[in-house]
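In this note's numbering, the protein residues as written are 2 to 302. Glycine included, every Cβ here is placed at the ideal spot set by N, Cα and C. To keep things clear, I will list the structure first and then write my remarks on it.
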């Protein structure tokens with residue numbers, strides 16, 4: 002499927018009563034479900050984040066509401082989350098004008114300074130643990146049993162996690178090295194709260210571990226470097242999380258749940274021509290799922 006043409010970001014900004022400086026807004030090549038540009042106004046940098054029209058407008062507005070609630074709660078708790086400067090709707094899709102956070106994506110840092118992988122891996126884990134300690138804001142959507150049943154193919158997996166499940170934690174649900182910025186060896190930005198909600202923290206940990214070990218990486222010079230360091234970085238992430246949270250409660254069954262959800266999302270993105278993933282990127286995800294299903298003691302159905 003051919004993706005829809007991108008709008009002019011200046012037209013999007015004008016819908017919120019904003020204008021940009023003479024320099025054209027710069028398209029940032031991240032985000033499967035949003036379009037992102039960097040622009041300046043009066044010399045100050047900002048980010049414009051426009052949702053892709055992947056569903057009915059009320060559903061997109063509800064997603065934007067949840068994202069704004071989660072960002073506000075995390076920012077007020079002292080996490081490096083960008084402030085929302087403005088919000089609007091363009092052609093039926095919501096958008097945010099956001100504070101531009103300093104720093105580079107973790108993957109970009111690794112491509113030039115691989116000796117920082119250990120330190121930033123631990124900082125990456127510690128930041129996620131700090132997010133999980135933030136009290137969930139009222140009215141933020143909750144991903145509970147119904148969410149599991151809608152996303153998981155094997156009911157045995159759901160029954161394996163429900164007895165100990167606690168749907169009470171503010172979770173990012175897209176926490177990976179493309180959504181965390183760093184500068185000077187420290188995280189400076191936590192981005193893209195689009196999928197965020199209240200659920201069991203093991204779901205968030207499962208999504209992150211799957212992303213670190215099996216998810217597709219954008220093409221470019223950083224890809225071979227991170228492929229070599231994936232498992233080492235994942236170990237440091239776990240150590241950093243444990244140092245702050247005191248435990249790391251992830252179980253294989255939750256990883257199967259993450260794999261089911263992620264495989265569906267990648268298949269849909271490939272079919273719609275969004276993002277950088279291709280058909281060949283789905284096989285490693287399926288292999289990851291099969292391995293975690295076996296580790297959970299659940300033979301293939």
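- Spatial neighbours of residue 50 in its own chain (CB-CB distance under 7 Å, excluding positions within 5 residues in sequence) are listed in chain order as 35, 37, 96, 97 and 99.
- Residue 153 and residue 280 have their alpha carbons spaced roughly 21 Å apart.
- The region 139-214 is shown to contain whole alpha helix (DSSP H) runs of 4 or more residues at 146-152 and 156-162, in chain order.
- Distances from the CA of residue 181 to each of 244, 107 and 204 were compared; the closest alpha carbon is that of 107.
- The three-state reading of DSSP puts residue 53 in coil, since its state is none of H, G, I, E or B.
- Its chain contains 237, 238, 239, 240, 241, 242, 243, 244 and 245 as the residues whose beta carbon lies nearer than 8 Å to that of residue 126, once the 5 sequence neighbours on both sides are disregarded; these appear in chain order.
- Proximity to residue 121 across 78, 46, 205 and 190 peaks at 190, based on C-alpha coordinates.
- Within the region 70-110, the complete beta strand (DSSP E) segments of 3 residues or longer fall at 85-91 and 94-100, listed in chain order.
- Rounded to the nearest angstrom, the gap between the Cα atoms of residue 73 and residue 84 is 8 Å.
- Shown here, residue 299 sits in coil according to DSSP, grouped into three states, outside any helix or strand.
- Distance between residue 211 and residue 167, taken at the CA atoms: about 21 Å.
- In the three-state scheme derived from DSSP, where H, G and I count as helix and E and B as strand, residue 115 is classed as helix.
- The DSSP-derived three-state label of residue 264 is helix.
- Here the region 62-69 lies against the region 188-205, with 3 or more beta-carbon pairs under 8 Å apart.
- Where residue 36 is concerned, the enclosing beta strand (DSSP E) starts and stops at 35-42.
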